[in-house]
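Sequence lines, in order, name chains A and B.
In terms of my numbering, the first sequence opens at residue 7 and continues consecutively.
In terms of my numbering, the second sequence opens at residue 153 and continues consecutively.
In this text, a Cβ means the ideal position worked out from N, Cα and C, and glycines have one as well.
Note that the structure is a prediction, hence the values are computed from the model and not measured.
What follows is a short report on a single structure.
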Amino acid sequence: MSETESVGVLFADYGWLLDTAAYDDWLALFSEMSLYQIMPRENLDAGFAASLIYCRGKDMLRDRITSLRDVNKFNIHTTRHIIGRSRVGTPSGGLIPAVTPFAVYQTDQEGVSQLFAVGAYDSLLSRQGGALQLESQIVQLDTFSVPTLLSDPL
Amino acid sequence: MPPDIAWPRNDYSRVPFALYHDPEIYERERALIFGGKAWCYLGLEAEIPNKGDFKTSFAGDIPVLLSRDLDGQIHAVVNRCTHRGALVRREMRGNARSHVCIYHRWCFGLDGKLIGIPLRKGVGGAGGISPDFDPAEHPLKPFRLGAVNGALFGTLADDAEALDDYLGPAVRAQICRVLHKPVRVLGYQRQRMQGNWKMYAENTRDNYHAGLLHSFATAFALDRATMQGGAVMDARHRHNYTYQIADSDSQAAAERVYADAQPEAFRLKLRDPRYLDVRRERDDNMRSVITSLFPNAVFAQAGNSLVIRQIRPKRADLVEIVFTLLGYQDDDADMNERRLLTANMSGPAGYIAMEDGEAVEIVAAATRSQQAEHSVIEIGGRGALPEQFGRATDVALRGFWSYYAELMGIEPADGVR
Numbered sequence: 007m008s009e010t011e012s013v014g015v016l017f018a019d020y021g022w023l024l025d026t027a028a029y030d031d032w033l034a035l036f037s038e039m040s041l042y043q044i045m046p047r048e049n050l051d052a053g054f055a056a057s058l059i060y061c062r063g064k065d066m067l068r069d070r071i072t073s074l075r076d077v078n079k080f081n082i083h084t085t086r087h088i089i090g091r092s093r094v095g096t097p098s099g100g101l102i103p104a105v106t107p108f109a110v111y112q113t114d115q116e117g118v119s120q121l122f123a124v125g126a127y128d129s130l131l132s133r134q135g136g137a138l139q140l141e142s143q144i145v146q147l148d149t150f151s152v153p154t155l156l157s158d159p160l
Numbered sequence: 153m154p155p156d157i158a159w160p161r162n163d164y165s166r167v168p169f170a171l172y173h174d175p176e177i178y179e180r181e182r183a184l185i186f187g188g189k190a191w192c193y194l195g196l197e198a199e200i201p202n203k204g205d206f207k208t209s210f211a212g213d214i215p216v217l218l219s220r221d222l223d224g225q226i227h228a229v230v231n232r233c234t235h236r237g238a239l240v241r242r243e244m245r246g247n248a249r250s251h252v253c254i255y256h257r258w259c260f261g262l263d264g265k266l267i268g269i270p271l272r273k274g275v276g277g278a279g280g281i282s283p284d285f286d287p288a289e290h291p292l293k294p295f296r297l298g299a300v301n302g303a304l305f306g307t308l309a310d311d312a313e314a315l316d317d318y319l320g321p322a323v324r325a326q327i328c329r330v331l332h333k334p335v336r337v338l339g340y341q342r343q344r345m346q347g348n349w350k351m352y353a354e355n356t357r358d359n360y361h362a363g364l365l366h367s368f369a370t371a372f373a374l375d376r377a378t379m380q381g382g383a384v385m386d387a388r389h390r391h392n393y394t395y396q397i398a399d400s401d402s403q404a405a406a407e408r409v410y411a412d413a414q415p416e417a418f419r420l421k422l423r424d425p426r427y428l429d430v431r432r433e434r435d436d437n438m439r440s441v442i443t444s445l446f447p448n449a450v451f452a453q454a455g456n457s458l459v460i461r462q463i464r465p466k467r468a469d470l471v472e473i474v475f476t477l478l479g480y481q482d483d484d485a486d487m488n489e490r491r492l493l494t495a496n497m498s499g500p501a502g503y504i505a506m507e508d509g510e511a512v513e514i515v516a517a518a519t520r521s522q523q524a525e526h527s528v529i530e531i532g533g534r535g536a537l538p539e540q541f542g543r544a545t546d547v548a549l550r551g552f553w554s555y556y557a558e559l560m561g562i563e564p565a566d567g568v569r
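Spelled out as structure tokens, the structure:
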């Protein structure tokens, strides 16, 4: 399997695990030191550092999941990730860069689906014992005027 | 003719739902609040630091253009060409020597004055603008501009009171506290809610919903109503701030109060609590101070988090909240990183903020169909409006509605002020 195909398989899992709320398995795609950040496109373009979600290390991402499961309240919905093909760059220092477009639809309890978010994953991946892992996952969010609220990870 | 609003009581402890939904009400707000006597928060001097910098903003849904001219003076104008009514500046921010409308290239100075009209003398002897046309009479419509430590406010009413009188000394002091030294913008967060802007204005004025709706605050023992604190309104009761004092309650007292309300309270531990760790940076002991300004802004300090929220109504049933995240220009690297981590607390994904979007939308969903029904706003009592009161009350909401009704010309007989 080519590197591009391997990255594609990882993101097929990534979207499916989020859409089925299999968050522990989703977390397993990240390394312990990973960075996860959701950045409004507006801030990226203007050079501002602030984000919507900023998890420095996997424990902060685990806390997000704990809070999502047990604490935060949100609009009752399901999600569907539509993830496009990754543009995989040249590996450097053991890290594989990849940029991957995505769209997320949300569906409410009455069965009404709406586009919730569009953007691109700006990722750095590494190989650990044969398997690919996310070392850095920066979600570039085109839809930075977030409809209602952003509860589950993109 | 003002619409006939049937207030069940004169102390605003009952608010008819029509005020959220009626399109006539929304039109009237455009004229009498956002385009009228209210001072609207427009932005920060720090967002246009250099000569020629501009940014677009809104007063209600009236488009605003803020510019810093080549002498360093700041101007606020309605962002609408005096020719045919097009947006003059379409970009959100930038730097320029003038503002040119793309439609017919009418050109305005950074101060809003009309300085150029193409084909003014016509083409081949035909056309051209009327000989007695005076460009000086057709500038971009100016706002009266006021500033508090670099926070910019504007009003379109010539007879509006002075900004400092409008804010009152106690509330003004809270803006100064947040902006007590030069700030730097760290970025923006935006959230769109399917509901009326006043649902959000109410949300920011009832401080105690934080410990009930935003379960994160109590689950991780971060913010709870048992902490000592209070709430203050200006003399006209249109603005308010609530404050909490750090380390001012005991775990045991908090657990007693919340025992019935929230079984999950205080049970959880964060694996990485770095974003809750506050580095003290002021002489006072305030854990947080949240200041809500009529009609469209919230200035908030919570730990090391500094955020200004601007309420931007889009329609009667749609509102955008723009969160401007700030640091101070002299922040060291450690403090800068702390502020970036506190971004997790605010905005549409904020651990103790995201639920506000759902709160607004469930109020909108359930009130639309029966607009003669009303809310019940009497936690903290009814009757006259006090200037100081406890945090866990709805009193500031009644103050908001009192001033709202005055501006809208819809006060009930003997309405409290």
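Around the Cβ of residue 64 of chain A, a 10 Å sphere holds 16 or more other Cβ atoms; the residue is buried.
Among the residues of the stretch 345-367 of chain B, those with a Cβ less than 9 Å away from any Cβ of chain A are 345, 346, 365, 366, 367, in the order of the chain.
Between residue 107 of chain A and chain B, the shortest Cβ-Cβ separation is not below 8 Å. Residue pairing by DSSP places residue 307 of chain B opposite B:296 in a beta bridge. In the three-state reduction of the DSSP assignment, residue 465 of chain B falls in the strand class. For residue 230 of chain B, DSSP records a beta bridge to B:216. In this structure, residue 242 of chain B keeps its C-beta atom at 8 Å or more from the C-beta atom of residue 251 of chain B. Counting only unbroken stretches of 4 or more residues, the alpha helix (DSSP H) elements lying wholly within the stretch 486-545 of chain B are 507-519, in sequence order. Chain B has a Cβ within less than 8 Å of the Cβ of residue 63 of chain A. Burial is judged here by how many other beta carbons sit within 10 angstroms of a residue's own beta carbon; residue 460 of chain B has at least 16 and is buried. Judged by DSSP in its simplified three-state form, residue 339 of chain B adopts strand. Sequence-distant partners of residue 383 of chain B (beyond 5 residues in either direction) whose C-beta falls short of 8 Å from its own C-beta, in its chain, are 359, 392, 393, 394, 395, 540, 541, 542, 543, 545, 547, 548. At a cut-off of 8 Å between C-beta atoms, residue 40 of chain A does not count as an interface residue with respect to chain B. In this structure, B:427 is the residue among B:427, B:411, B:433 with its C-alpha nearest to the C-alpha of residue 502 of chain B. With its beta carbon less than 8 Å from one in chain A, residue 477 of chain B belongs to the interface.
The way I'd put it, the stretch 256-266 of chain B does touch the stretch 219-229 of chain B; three or more beta-carbon pairs between them come closer than 8 Å. Per DSSP, reduced to three states, the secondary structure at residue 221 of chain B is coil, with no helix or strand assignment.
For the stretch 240-270 of chain B, residues whose beta-carbon sits nearer than 8 Å to a beta-carbon of chain A comprise 244, 245. With respect to the C-alpha of residue 352 of chain B, the residue from B:456, B:468, B:297, B:538 having the closest C-alpha is B:468. Taken in chain order, the complete alpha helix (DSSP H) segments of 4 residues or longer contained in the stretch 21-84 of chain A are 29-33, 47-52, 64-76.
The beta carbons of residue 75 of chain A and residue 61 of chain A sit about 16 Å from each other, so the pair does not count as a contact at 8 Å. With fewer than 16 other Cβ atoms from the protein chains shown falling within 10 Å of its own Cβ, residue 256 of chain B counts as exposed. Under DSSP, residue 87 of chain A takes part in a beta bridge, and its partners are A:110. Contact check for residue 512 of chain B and residue 340 of chain B: beta-carbon distance about 19 Å, past the 8 Å limit, so the pair fails to qualify. A contact is defined here as three or more CB-CB pairs under 8 Å, and the stretch 306-322 of chain B fails this definition with respect to the stretch 145-158 of chain A. A residue is called buried when at least 16 other Cβ atoms come within 10 angstroms of its Cβ; residue 144 of chain A meets this threshold and is buried.
Secondary structure at residue 477 of chain B: strand, using DSSP grouped into helix, strand and coil. One finds 342, 343, 344, 500 in chain B with Cβ atoms closer than 7 Å to the Cβ of residue 152 of chain A, taken in chain order. Any Cβ of chain B closer than 8 Å to the Cβ of residue 29 of chain A would place that residue at the interface, and such an atom is absent. Between residue 308 of chain B and residue 559 of chain B, the C-beta spacing is not below 8 Å.
Taken in chain order, the complete beta strand (DSSP E) segments of 3 residues or longer contained in the stretch 390-454 of chain B are 392-397, 438-445, 449-454. Not flagged as an interface residue toward chain B: residue 33 of chain A, since no C-beta distance is shorter than 8 Å. Between residue 318 of chain B and chain A, the shortest Cβ-Cβ separation is not below 8 Å. If you ignore the 5 residues before and after residue 344 of chain B, its C-beta comes within less than 6 Å of the C-beta of 472, all in its own chain and listed in chain order.
Non-local C-beta neighbours of residue 47 of chain A in its own chain, meaning closer than 8 Å and more than five positions away in sequence, comprise 125, 146, 147, 148, 150, ordered along the chain. A distance below 6 Å between beta-carbons, with the five flanking residues on each side excluded, links residue 294 of chain B to the following residues of its chain, in chain order: 229, 264.
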